[in-house]
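Worksheet: one structure, shown below.
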Amino acid sequence: MLGLTIQQIAYIFQGAGWTIVLSLLGFVGGTFLGLPLALARSAKAKWLRVVSSGLVQFIQGVPLPVIMFVVYFGISIGGFEVPALVAAGLAMTLYSGAYLGEIWKGCIQAVPKTQWEAAECLALTKPQRFVYVILPQALRIAIPPTVGFMVQIVKNTSYAVVINFFDLTYSAKVINNSTFKPFTVFTIAALIYFAICFPMSVMARRFERKLHRN
Amino acid sequence: MSGATQPMVRFHNLRKSYGQVEVLKGVDLEVAPGQVVALIGRSGSGKSTALRCVNGLERFQSGELHVCGHDLAAEKVDLRTLRQDVGIVFQSYNLFPHLTVEQNVTLAPRKVKGIAQAEARELAKEVLAQVGLSDKIQSYPEELSGGQQQRVAIARSLAMHPRLMLFDEVTSALDPELTGEVLKAIERLASNGMTMMLVTHEMAFARSVADQVVFMHQGRVWESGPGDMLLNPQTAELRQFVGNGL
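Listed in order, the protein sequences are those of chains A and B.
Heads up: the first sequence at position 141 corresponds to 1028 in the numbering used here, and the numbers run straight through without jumps.
Heads up: the second sequence at position 232 corresponds to 271 in the numbering used here, and the numbers run straight through without jumps.
Take a look at the structure:
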């Protein structure tokens, strides 16, 4: 089929599986990093804001492949041999955490100040105001941009190829090296990326419209 | 006012500035238990700021303010206890849009006072009945008119069983028809003996409901007295103000 064997195509799809695994790692890790970052970025304590914004600025100012290299080789200099998946997962965590933190900070701040005030005047404690009044509203606002950013995460996992992580880009490259059919091979890879990302884009748009209707 | 009853609110020479601008220039004012006090005056006269000082939303620089036994000039004020005694209703309702009417009303009683679910539901029914909205208990704020939303906001405040209620221009965002239903709810509270301070532009309402009308001008209490004071202003400023208002 298309001048490729079933085994070769299956191999490409195997890479796609690891792309999804790395995307999930990046998203879950990014959530664990991004949530505290979002809170710290909107905190009252100045040092929290300075430290967290410094971290965000730094990560956003470095290209993802370089983050991959730094994490991968940084860990091995420390004397630890880590699988590429761990290094790539860590790098994706840093990258998506920094961006998700910024997105969510914006969502928290998008809830009107008067909501904080109304909750305060009902004698709710500060954590109660956040958990019961602000967070549920911020979450609703956050859904469309978050789903939208997940598309970025999936596409950017392809940079893990620089540390030889076996993902969709890597498996396509390997098959191309043995078949010399770059157009066919990379078109297949492109279609698979698209098939993963497009439904998420549609979902993000649908959430967005739903949010605006209300 | 007899000397036996302690005033519920007492301002003494209260001053407040935002940076260089002094908005309250020595306010003296007392509210006795059960009294309804209407604060009137132009925009920028300091009436809303004075009201917001009462529940600690605004801090002040000098003078005294005692509210329900709390000394608000103290270094550390326990605002959470104060706010269980003092409810406030805002011009823009500020209901929680993601919660039903019942949840809006019972959130604070459940989380702050720790009352049980079943008890909370009874409480919601009780306070919603007081504002005439028993049938809207399961609605979301967006499904209600402005007047209904504002009455839910009043019920939400009532559910904490406050000793004092503050109303900050609560009808200013409503058209005349909806204004009427909100004023009626406030009037009912007044006749039940609730102590209230209200900032309002509704002169006729202030005159009929308030025991004491306070005209503020340039950060001071310019003139105050019973509702009928509006018919016979002593100062040129109040004369001009009601001339425009009535």
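We put the CB at the ideal spot given by N, CA and C, even for glycine.
The Cβ-Cβ distance between N1063 of chain A and V1049 of chain A does not fall below 7 Å. Secondary structure of I176 of chain B (DSSP, three-state): coil. Residues of chain B whose Cβ lies closer than 7 Å to the Cβ of C1084 of chain A do not exist, since the nearest Cβ in that chain is about 30 Å away.
Annotation: Cβ neighbours of Q1024 of chain A in chain B (cutoff 9 Å, chain order): F135, P136, H137.
Note on I1040 of chain A: 16 or more other CB atoms within 10 angstroms of its CB, so buried under the neighbour-count rule. Residues of chain B whose Cβ lies closer than 7 Å to the Cβ of L1011 of chain A are, in chain order, A147, K150, V151.
Listed in chain order, the alpha helix (DSSP H) elements of length 4 or more contained wholly in the segment 189–256 of chain B are 215–230, 242–248. When the Cα atoms are used, M235 of chain B and L977 of chain A turn out to be separated by approximately 58 Å.
Separation of K1097 of chain A and V1034 of chain A (C-alpha to C-alpha, rounded to the nearest whole angstrom) is 14 Å. Ranked by Cα distance from L53 of chain B, the options B:G258, B:K115, B:V191 are led by B:G258. By a beta-carbon distance limit of 8 Å, I79 of chain B contacts A245 of chain B. Their separation comes to about 6 Å.
If you keep only unbroken alpha helix (DSSP H) runs of at least 4 residues inside the segment 948–1012 of chain A, you get 951–964, 971–997, 1000–1008.
In this structure, the alpha-carbon of A1025 of chain A lies about 47 Å from that of T44 of chain B. For N1063 of chain A, no beta strand (DSSP E) encloses it; the enclosing alpha helix (DSSP H) starts and ends at 1055–1066. DSSP places L104 of chain B inside the beta strand (DSSP E), whose first and last residues are 101–106. Taken atom to atom, the span from the alpha-carbon of A224 of chain B to that of Q169 of chain B is near 8 Å. Its chain contains I154, A159, L162, A198, M199 as the residues whose beta carbon lies nearer than 8 Å to that of P148 of chain B, once the 5 sequence neighbours on both sides are disregarded; these appear in chain order. The beta carbon of I154 of chain B does not come within 7 Å of any beta carbon belonging to chain A, so the residue lies off that interface. Between A925 of chain A and I995 of chain A, the beta carbon gap of about 6 Å places them in contact (Cβ cut-off 8 Å). What E989 of chain A touches in chain B, judged by beta-carbon distance under 8 Å, is nothing: the nearest beta carbon there is about 23 Å away.
Taking 7 Å as the cut-off, the beta carbon of G961 of chain A is found no closer than this to the beta carbon of L920 of chain A.
Proximity of chain A to F129 of chain B at the Cβ level (cut-off 9 Å) is accounted for by T1001, E1004, A1005, C1008, in chain order.
Along the segment 51–99 of chain B, the beta strand (DSSP E) occurs as fully enclosed runs of 3 or more residues at 60–70, 75–79, listed in sequence order. Residue contact check for V1034 of chain A against chain B: no CB pair falls below 7 Å. Judged by beta-carbon spacing, V943 of chain A lies beyond the 7 Å limit of G993 of chain A, meaning their Cβ atoms are not closer than that value. The bridge partners DSSP lists for R49 of chain B are B:E69, B:H105. Flagged as an interface residue toward chain B: V1020 of chain A, by a C-beta distance shorter than 7 Å. Closest by C-alpha distance to F280 of chain B, out of B:G185, B:K152, B:E69, B:R81, is B:R81. Under the Cβ distance rule, Q996 of chain A does not count among the residues neighbouring chain B, no pair being separated by less than 7 Å.
Taking all protein chains shown into account, P1032 of chain A has 16 or more neighbouring C-beta atoms within 10 Å of its C-beta and is therefore buried. By a beta-carbon distance limit of 8 Å, V252 of chain B contacts G266 of chain B. Their separation comes to about 6 Å. Across the segment 262–279 of chain B, no CB contact with chain A closer than 9 Å is found for any residue. Residue range 893–928 is occupied by the alpha helix (DSSP H) that includes G917 of chain A. Listed in chain order, the alpha helix (DSSP H) runs fully inside the segment 123–185 of chain B are 140–151, 156–169, counting runs of at least 4 residues.
Check the Cα spacing between F50 of chain B and each of B:T88, B:V60, B:G83, B:G73: the tightest is with B:T88. Closer than 7 Å to the CB of R202 of chain B there is not a single CB belonging to chain A.
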